[in-house]
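The structure appears right after this line, and notes come after that.
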Amino acid sequence: MSAQMLRVTEIEALSPLVKRFRFEHPGGKKLPLFSGGAHVVVEMPDGDLLRRNAYSLISDPQDGSGYEIAVRREDGGRGGSRFMHSNVGQGDTLRISTPLNLFSLDARARKHVLIAGGIGITPIIAQMRQLLRMQDRFEIHYAARLRSEAAGLRLLPRLPHIHSHISDEGDRMDLGAILDRQPIGTHVYTCGPEGLITAVAQCAARLGWPRGSLHSEVFLAPPPGRAFEVTLAKSGRTVTVGPHQSLLEALEEAQVEIDWSCRGGACGRCETDVVSCHGRIEHNDHWLSEDEHSSQTKIMPCVSRFRGRELIIDR
Amino acid sequence: MPATKFTPSIISRPIYGGLTPHGTVPALMLASGPGGEALLDLIAADPAVLPHATVIYIPEGSDLGPRLEAQGPASYVEAASYASILPRFRKLLAEAPMNTRLYLAGTEGLIGQATAEALAAGMLLEAIEAEHRGSLARRMQCVHCKGITEDVTTDPFTCSHCGLSLFVRDHYSRRYAAFQGVCVDAETPGEVPPKQEIKA
């Protein structure tokens with residue numbers, strides 16, 4: 001995973017829980033351009049721990065002068081967002097990966113409908129900037145609970161085809177009304193809680209939409225669980241995965257070479273073959289198929305866990 | 001006439017899965033000649049496809065028109081040719097909502113052209129059902145002058161635009177909805193192999 005050290009040049013509170021960070025090259029060099037929907041992985045050296053979190057870029061994909069992300073503080077989370085909010089200051093340098101896009105706009109679309117829930121607005125902001133530049137037809141529907149917490153309101157321009165729905169004010173997003181009667185060639189992009197992505201998929205299915213027109217992204221934080229042991233087939237070693245650690249992080253700690261990208265169960269880069277499994281793999285990813293999940297022949301170390309007597313993986 | 005079976009040897013040729021009903025959603029149905037029978041089979045399999053269906057039928061000498069109209073679709077149009085109905089087909093696509101299904105039945109040339117048109121309008125391939133009925137004739141594009149010759153039944157054949165003798169290649173272009181024809185006597189002008197009937 002290629003990455004470079006970038007300097008924090010701006011920090012701005014978009015809401016009480018969300019901060020915007022801008023990163024620039026310390027020597028003023030241009031950064032690689034990206035496409036709307038791309039994310040970067042930010043490395044956070046936190047004591048003995050090296051935290052790595054993926055964040056969607058919110059800046060203009062065609063602007064290489066800097067990268068911007070918006071981070072929501074998750075007080076019940078594993079600590080990455082708390083680190084960004086409390087430990088990172090202007091002038092600090094952090095290692096930031098080259099952007100990667102798992103949520104790109106579909107070039108076949110004649111119209112784009114972008115649906116965001118809460119902090120899920122972030123990739124949609126960069127997609128919007130790209131669509132405005134390309135002069136493509138689009139509409140945005142952004143749902144948030146409270147106006148005071150709706151960081152997206154600060155990032156979205158006031159345009160007639162950009163709609164905000166604040167549920168606390170009685171304006172709930174009506175997916176049926178949004179999707180009904182859209183013209184052929186419409187593609188829908190949803191980012192937000194799993195419940196929103198499922199609701200969009202169900203609504204589209206009920207209306208009879210083809211599935212290929214639906215795109216979504218959900219980054220998972222590795223869920224905690226019971227500690228478990230994994231045996232590595234290539235070295236015969238055994239690693240222990242702590243309750244708040246992911247298998248990927250445990251492998252990294254044990255200096256096992258493993259490729260990764262999104263660290264959230266979406267991209268497929270850390271896919272690992274299972275040599276033998278006596279027990280049950282707790283699959284949490286969006287990458288493997290249902291058959292692969294049930295056959296227990298593969299595991300995504302970034303988000304999935306194990307319960308049982310013995311798990312041997314091909315590492 | 002039953003659904004046309006192809007030899008599986010031509011890997012670039014699309015495979016037409018047959019018409020599977022998708023229930024009560026807006027439907028565009030476009031058929032030519034014996035393709036009308038495929039529409040009748042579809043309607044018999046699930047009459048729910050009819051109430052929101054626009055049926056366009058190009059008889060090409062077939063007498064299935066009155067039977068199709070009698071099924072009672074939301075609207076029924078008979079057309080002299082695909083070219084003559086194209087402006088209307090385009091307008092229907094432009095006004096179609098996202099849950100529209102397209103059912104195509106007839107010759108490969110009709111299916112290919114209508115599919116290319118629907119894809120250009122933004123429709124996804126998964127929303128298009130197609131069934132080949134009728135002639136095995138190929139729609140050919142001359143790779144030299146780019147002209148299209150319809151209903152080619154022999155190999156080689158004469159390009160209807162530039163007059164070259166063309167070899168029928170098993171190379172299908174989805175973009176042009178046509179097979180590619182290449183000059184058969186480029187190196188030995190006038191030495192054209194005898195014509196054979198196209199059987200696949």
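Protein chains in written order, with full-length UniProt numbering: chain A, 1 to 315; chain Y, 1 to 200. Every residue gets a Cβ at the ideal spot worked out from N, C-alpha and C, and that includes glycine.
Check: Between Ser56/A and Tyr67/A, how many whole angstroms is the CB-CB distance? I'm expecting something under 8 Å.; Outcome: Actually they do not touch by this definition, with Cβ atoms about 11 Å apart.
Check: Using the C-alpha atoms, what's the distance from Lys111/A back to His161/A?; Outcome: 12 Å
Check: Would you verify that the beta carbon of Ser104/A is, or is not, closer than 8 Å to some beta carbon of chain Y?; Outcome: no
Check: Tell me where the alpha helix (DSSP H) around Gly279/A begins and ends.; Outcome: Run containing Gly279/A: none in the alpha helix (DSSP H); it sits in the beta strand (DSSP E), 272–282.
Check: Tell me, please, which residues DSSP counts as bridged to Glu68/A.; Outcome: Arg22/A
Check: How many angstroms separate the CA atom of Pro194/Y from the CA atom of Phe89/Y?; Outcome: 40 Å
Check: Identify, in the order they occur along the chain, each residue of the same chain with its Cβ nearer than 6 Å to the Cβ of Val78/Y, setting aside the five sequence neighbours on each side.; Outcome: A small correction: the amino acid at residue 78/Y is Glu; Val does not occupy that position in the sequence shown. Excluding residues within five positions, the ones whose Cβ falls inside 6 Å are Tyr57, Gly65.
Check: Does the Cβ-Cβ distance between Gly33/Y and Glu69/Y come in under 8 Å?; Outcome: no
Check: Are any of the Cβ atoms in chain Y nearer than 8 Å to that of Ala54/A?; Outcome: no
Check: Measuring CB atoms only, is the segment 155–163 of chain Y touching the segment 125–133 of chain Y, in the sense that at least three cross pairs come out at less than 8 Å?; Outcome: no
Check: Would Thr272/A be called buried (16 or more neighbouring beta carbons within 10 Å of its own) or exposed?; Outcome: buried
Check: Suppose you measure from the CA of Ala118/Y to the CA of Gly147/Y; what does that come to, to the nearest Å?; Outcome: 22 Å
Check: Could you spell out where the beta strand (DSSP E) holding Gln141/Y opens and where it closes?; Outcome: 138–142
Check: Taking Cβ-Cβ distances shorter than 7 Å, what residues in chain Y pair up with Gly80/A?; Outcome: The premise fails here: Gly80/A is roughly 38 Å from chain Y at the closest Cβ pair, so nothing lies under 7 Å.
Check: What residues in the segment 136–169 of chain A have a beta carbon less than 9 Å from any beta carbon of chain Y?; Outcome: none
Check: Once the 5 residues before and after Ala48/Y are set aside, which same chain residues still bring their CB inside 6 Å of it?; Outcome: Gly23, Thr24
Check: Closer than 6 Å by C-beta to Ala308/A: which residues in its own chain qualify, once you throw out the five before and the five after it? Chain order, please.; Outcome: At residue 308/A the sequence reads Gly, which differs from the Ala that was named. Closer than 6 Å at Cβ, skipping near neighbours: His278, Gly279, Arg280.
Check: Across which residues does DSSP place Thr100/Y in a beta bridge pair?; Outcome: DSSP output for Thr100/Y lists no bridge partner at all.
Check: Report the residue from Arg78/A, Gly120/A, Asp259/A, Pro45/A whose alpha carbon sits nearest the alpha carbon of Gly225/A.; Outcome: Arg78/A
Check: Going by beta carbon distance, what residues of the same chain come within less than 7 Å of Leu42/Y, once the five residues before and after it are set aside?; Outcome: Leu19, Pro21, Val49, Tyr103
Check: Is it buried or exposed for Gly109/Y, if we count other Cβ within 10 angstroms and need 16 for buried?; Outcome: buried
Check: Rounded to whole angstroms, what's the CA-CA distance from Gln196/Y to Gln130/A? Just pull it up for me.; Outcome: 54 Å
Check: To which residues of the same chain is Gly268/A closer than 6 Å at the C-beta, ignoring the five residues directly before and after it?; Outcome: Trp287
Check: On a Cα-Cα basis, can you pick out the residue from Ser65/A, Arg137/A, Leu146/A that is closest to Leu31/A?; Outcome: Ser65/A
Check: Under 8 Å, do Thr186/A and Met98/Y count as touching if we go by C-beta distance?; Outcome: yes
Check: Who are the near neighbours of Ser35/A in its chain, counting only those whose CB is closer than 7 Å to its CB and skipping five residues on each side?; Outcome: Pro61, Asn101, Ser104, Gln130
Check: Go ahead and pull the three-state DSSP assignment for Asp151/Y.; Outcome: strand
Check: Let me confirm a value: Tyr115/Y is counted as buried when at least 16 other C-beta atoms fall within 10 Å, else exposed. Which label applies?; Outcome: One point to set straight first is that residue 115/Y is Thr, not Tyr, in the sequence displayed. By the neighbour-count rule (16 or more Cβ atoms within 10 Å), Thr115/Y is buried.
Check: Nearest chain A C-beta to Leu124/Y closer than 8 Å, yes or no?; Outcome: yes
Check: For a test of the three-state rule: what should DSSP assign to Asp41/Y, helix, strand or coil?; Outcome: helix
Check: Of all the residues that make up the segment 76–107 of chain Y, which are near chain A by a beta-carbon distance shorter than 8 Å?; Outcome: Leu93, Ala94, Glu95, Ala96, Pro97, Met98, Asn99, Thr100, Arg101
Check: Per DSSP, residue 370/A forms a beta bridge with which residues?; Outcome: Residue 370/A cannot be examined here, being either before or after the span of chain A that is shown, 1 to 315.
Check: Is the shortest distance between the beta-carbon of Ser65/A and the beta-carbons of chain Y less than 8 Å?; Outcome: no
Check: Between the Cα of Ala143/A and the Cα atoms of Arg82/A, Ile121/A, Leu155/A, which residue gives the shortest distance?; Outcome: Ile121/A
Check: In chain Y, which residues lie less than 7 Å from Pro210/A when you measure between Cβ atoms?; Outcome: Leu124, Glu126, Ala127
Check: Starting from Leu186/Y, find everything on chain A with Cβ-Cβ shorter than 7 Å and list it in chain order.; Outcome: Residue 186/Y is actually Ala in this sequence, not Leu. The contacting residues do not exist; Ala186/Y stays about 37 Å from chain A at best.
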